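Protein chains: 2
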Amino acid sequence: MNIRKRIETAATDFTPSERKLATVLLSDYPYAGLIKMHELADRAEVSQPSISRFVIKIGLSGFPELQKHLVSELREGDRSPVEIHATSEQIKGGYLNGFLRLASEQMASAGQAVTESQFEQICDLLADSKRAIYAVGGRISDTIAQHLSFHLRQARERVYHLPRDPEVWPEYLLRMKQGDVFFLVDFRRYQKNLWQLAKQAQTQKVQVVLMTDHWLSPATRHASEVLVVPIETGTIWDSYAPALALTEALVTRVAEKTWPQTRKRIEAWDAMRDGFKERAHEQTDNG
Amino acid sequence: MNIRKRIETAATDFTPSERKLATVLLSDYPYAGLIKMHELADRAEVSQPSISRFVIKIGLSGFPELQKHLVSELREGDRSPVEIHATSEQIKGGYLNGFLRLASEQMASAGQAVTESQFEQICDLLADSKRAIYAVGGRISDTIAQHLSFHLRQARERVYHLPRDPEVWPEYLLRMKQGDVFFLVDFRRYQKNLWQLAKQAQTQKVQVVLMTDHWLSPATRHASEVLVVPIETGTIWDSYAPALALTEALVTRVAEKTWPQTRKRIEAWDAMRDGFKERAHEQTDNG
DNA sequence: GATTGACTGAATGAAAAATTTCAGAAACTA
DNA sequence: TAGTTTCTGAAATTTTTCATTCAGTCAATC
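Read top to bottom, the protein sequences are chains Y and S. At the far end of the first sequence sits residue 287, using the working numbering, and the numbering has no gaps. At the far end of the second sequence sits residue 287, using the working numbering, and the numbering has no gaps.
Here it is, written out as structure tokens:
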């Protein structure tokens with residue numbers, strides 16, 4: 001039995017400091033365990049005795065034995081953690097790993113419904129500094145749109161995120177000019193007000209980019225580009241992880257395309273934020 | 001300079017026993033060097049003093065330092081394949097598919113640092129209707145926390161999402177009672193104000209559940225449960241997709257655990273929303 | 001065949017690492 | 001609230017690991 005499994009098995013009756021240890025060990029497995037005991041103690045913020053007790057609890061004779069095991073796992077497992085994960089052992093591993101495996105497979109297929117050229121085209125739209133970008137999403141999917149706005153804003157100017165409240169939407173509509181981009185995220189249990197928004201934008205000759213699921217939001221008919229992502233998991237709720245990944249692919253590509261400007265912009269941005277921070281008594285805001 | 005190179009460089013003036021040592025070390029590099037000195041002495045059929053002399057000859061201060069170097073080489077060597085992988089993968093199959101594939105693999109391994117029992121324990125906490133839930137995240141990662149709040153709110157009462165503005169946080173802190181749950185998401189470029197929040201919550205005997213990356217947010221020390229997820233992609237920006245997937249796993253599990261109540265709650269919720277919708281002229285809000 | 005110089009490892013000493021003890025602190029229970 | 005149990009880390013102890021000394025061996029040279 002490998003160390004990870006031993007920890008997993010014993011985890012049910014860990015004390016708080018043992019849980020801290022497990023967290024640290026697993027967070028950088030197996031390297032976190034290959035340091036001196038006192039260093040590990042510092043890192044996990046527990047005492048050395050707690051480590052000793054921990055290793056005995058997971059069925060080893062002592063700390064040196066733990067390291068021995070970890071090294072031999074390393075040597076044998078020249079395979080990557082992913083492969084290990086994919087092979088037999090983990091397949092019938094609890095709820096969490098089952099869920100993640102499903103989500104992961106689904107995500108791998110998220111690129112199926114989007115062609116590379118379409119992807120590139122959308123990136124070009126988003127990277128084009130002559131166009132303003134407006135973004136919004138549905139009740140839950142707005143988090144995806146927010147993610148887009150956030151990162152895009154680091155790469156370029158004139159990125160506007162529409163607030164939740166539809167009352168103020170007209171204000172934004174009035175500002176949209178021909179050639180601007182309206183990025184809309186709408187997954188099932190589609191919102192009528194969103195497609196009305198798309199419709200209006202389209203009549204103003206705004207480029208509407210829609211991210212939706214394979215049942216297709218009604219806004220589809222008002223979109224010039226449609227990104228279809230799989231969201232069904234077979235569980236109670238859908239998974240937006242593939243949608244988020246696609247969004248990240250977009251913003252990362254845009255940032256890479258425009259790297260010189262993006263870099264400068266981020267630096268300037270950070271400098272200003274640091275300025276605010278000082279004035280506001282160390283109220284930082286990252287993450 | 002790595003160890004192998006050091007050995008090669010110094011090789012010209014090795015004594016016979018040093019050559020033996022070099023042979024053994026390089027024949028099973030770097031693992032051969034990760035055993036106790038006396039074992040290595042046996043394996044190479046030299047004495048321990050010869051090892052000491054050897055280590056100094058290649059420019060290190062002592063045997064422990066040799067091992068330290070070897071471990072850090074291992075760890076770095078393990079990291080870079082991901083990036084190499086990324087670039088080589090991108091070449092064939094295009095940018096989008098390369099990105100998604102990477103994100104997908106990373107996601108599959110997202111469960112590696114979280115034990116199933118820990119996962120269950122956190123689900124139990126979140127499902128416990130006696131405890132109120134407070135959630136918040138960092139500048140960008142708050143979208144993850146929002147996702148949690150949104151879904152959790154469908155399954156249970158008393159889910160509160162802290163607003164972005166720290167000005168009003170004290171209001172929430174005052175409301176937190178012993179046994180309540182504070183769910184915090186904090187990824188790198190950690191925010192000081194978040195861990196201060198965690199600290200205060202902990203002193204009020206609130207259960208602090210922290211989701212962070214493997215560098216561990218400073219809030220770790222104030223958390224009773226820490227969920228570590230991989231976020232590094234080797235690109236300009238990190239990917240939060242694994243974090244989102246883990247979050248979805250949590251909320252899905254909670255909904256399943258409490259399905260009868262959740263079902264009723266969603267139905268009642270929908271009914272009320274429909275009511276609003278009619279009054280507000282078809283202004284629906286799903287997604 | 002004696003002498004020198006370079007190399008080696010047994011033994012020893014020093015340092016560091018790991019474990020155990022124990023008492024105080026915290027969390028539970030009645 | 002008192003009593004009990006569980007958990008934790010400071011300090012002491014033990015064990016292990018590593019470095020050094022130094023005498024012996026061997027090969028080369030005179």
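Ideal placement from N, C-alpha and C gives every residue a C-beta, glycine not left out. A quick note: this is a predicted structure, and the numbers were derived from the prediction, not measured.
For this session: May I ask which residues mark the beginning and end of the alpha helix (DSSP H) holding F54 (chain Y)?
Result: Start and end: Q48 to K57.
Problem set entry | Opening and closing residue of the beta strand (DSSP E) in which I231 (chain S) lies | No beta strand (DSSP E) holds I231 (chain S); DSSP gives it neither H nor E.
Exercise. In chain S, what lies closer than 9 Å to A255 (chain Y) by C-beta?
Worked result: Identification of chain S residues near A255 (chain Y) by a Cβ-Cβ cut-off of 9 Å yields T235, I236 and W237, ordered along the chain.
Exercise. Along the chain, where does the beta strand (DSSP E) that runs through L184 (chain Y) open and close?
Worked result: For L184 (chain Y), the enclosing beta strand (DSSP E) covers residues V181 to D186.
For this session: Pull up the distance between the alpha-carbon of R53 (chain S) and that of I35 (chain Y), whole angstroms please.
Result: R53 (chain S) and I35 (chain Y): Cα-Cα distance of roughly 24 Å.
Exercise. In chain order, which continuous runs of the beta strand (DSSP E) of length 3 or greater are located wholly inside the segment 117-173 of chain S?
Worked result: Under the rule that a run must span 3 or more residues, the beta strand (DSSP E) segments found entirely inside the segment 117-173 of chain S read 133-137 and 159-161.
Exercise. Helix, strand or coil: which one does DSSP assign to L210 (chain Y)?
Worked result: In the structure shown, L210 (chain Y) adopts extended strand secondary structure according to DSSP, grouped into three states.
For this session: Throw me the rounded Cβ distance for the D180 (chain S) and S141 (chain S) pair, which I believe falls under 8 Å.
Result: That pair is no contact at about 21 Å.
Exercise. If you count every other CB in all the chains shown that lies within 10 Å of the CB of K20 (chain Y), and 16 or more means buried, which is it?
Worked result: buried
Exercise. Under a three-way DSSP split, which group does E45 (chain Y) fall into?
Worked result: coil
For this session: Taking C-beta pairs closer than 7 Å, name the residues in chain Y that V114 (chain S) reaches, listed in chain order.
Result: Those are L96, listed as they occur along chain Y.
Exercise. Is the CB of G111 (chain S) under 8 Å away from at least one CB in chain Y?
Worked result: G111 (chain S) has a beta carbon lying within less than 8 Å of a beta carbon in chain Y.
Exercise. Just how far apart, CA to CA, sit D270 (chain S) and R189 (chain Y)?
Worked result: 11 Å
Exercise. Are there 16 or more other CB atoms within 10 angstroms of the CB of V168 (chain Y), so buried, or fewer, so exposed?
Worked result: V168 (chain Y) should be labelled exposed.
Problem set entry | Burial state of R164 (chain S), where buried means 16 or more other Cβ atoms lie within 10 Å | It is exposed - the Cβ of R164 (chain S) has fewer than 16 other Cβ atoms within 10 Å.
Exercise. Taking the continuous alpha helix (DSSP H) assigned at M107 (chain S), which residues delimit it?
Worked result: G94 to A108
Exercise. Looking only at DSSP bridge pairs, what is E256 (chain Y) linked to?
Worked result: Answer by DSSP bridge pairing: none, since E256 (chain Y) is not bridged.
Problem set entry | Inter-residue Cα distance where the pair is G290 (chain S) and E45 (chain S) | Only positions 1 to 287 of chain S appear in the structure, and residue 290 (chain S) is not among them; the question remains open.
Problem set entry | Listed by chain order, chain S residues near Q207 (chain Y) by CB distance under 8 Å | Those do not exist, as Q207 (chain Y) stays about 19 Å from chain S at its closest Cβ, beyond 8 Å.
Problem set entry | Contact with chain Y by A198 (chain S), beta-carbon distance below 8 Å | no
Problem set entry | First through last residue of the alpha helix (DSSP H) which encompasses P16 (chain S) | P16 to S27
For this session: Taking I236 (chain Y) as the reference, give the member of S:V228, S:I266 and S:S217 with the closest Cα.
Result: Of the candidates S:V228, S:I266 and S:S217, the one whose C-alpha sits nearest the C-alpha of I236 (chain Y) is S:I266.
Problem set entry | Interface flag, F183 (chain S) vs chain Y, CB-CB below 8 Å | no
Exercise. Any idea if T220 (chain S) is buried or exposed, counting beta-carbon neighbours within 10 angstroms, 16 or more meaning buried?
Worked result: With 16 or more Cβ atoms within 10 Å of its Cβ, T220 (chain S) is classed as buried.
Problem set entry | Minimum Cβ-Cβ distance from F63 (chain S) to chain Y less than 8 Å | With 8 Å as the cut-off, F63 (chain S) does not count as an interface residue toward chain Y.
Exercise. Any contact of the segment 49-69 of chain Y with the segment 94-110 of chain S, i.e. 3+ C-beta pairs under 8 Å?
Worked result: Too few Cβ pairs lie closer than 8 Å, so no.
Problem set entry | Spatial distance of C123 (chain S) from A10 (chain Y) (CA atoms) | 19 Å
Exercise. Do you know offhand how far Y31 (chain Y)'s Cα is from E65 (chain S)'s?
Worked result: 16 Å
For this session: Would you check if there are 3 or more beta carbon pairs closer than 8 Å linking the segment 215-235 of chain S to the segment 251-267 of chain S?
Result: Result no; under three Cβ-Cβ pairs closer than 8 Å.
Problem set entry | Test: I7 (chain Y) CB closer than 8 Å to a CB of chain S | Residue contact with chain S for I7 (chain Y): present (Cβ-Cβ distance below 8 Å to some residue of chain S).
Problem set entry | Within-8 Å CB hit, Y160 (chain S) to chain Y | It does not: the Cβ of Y160 (chain S) has no partner Cβ on chain Y nearer than 8 Å.
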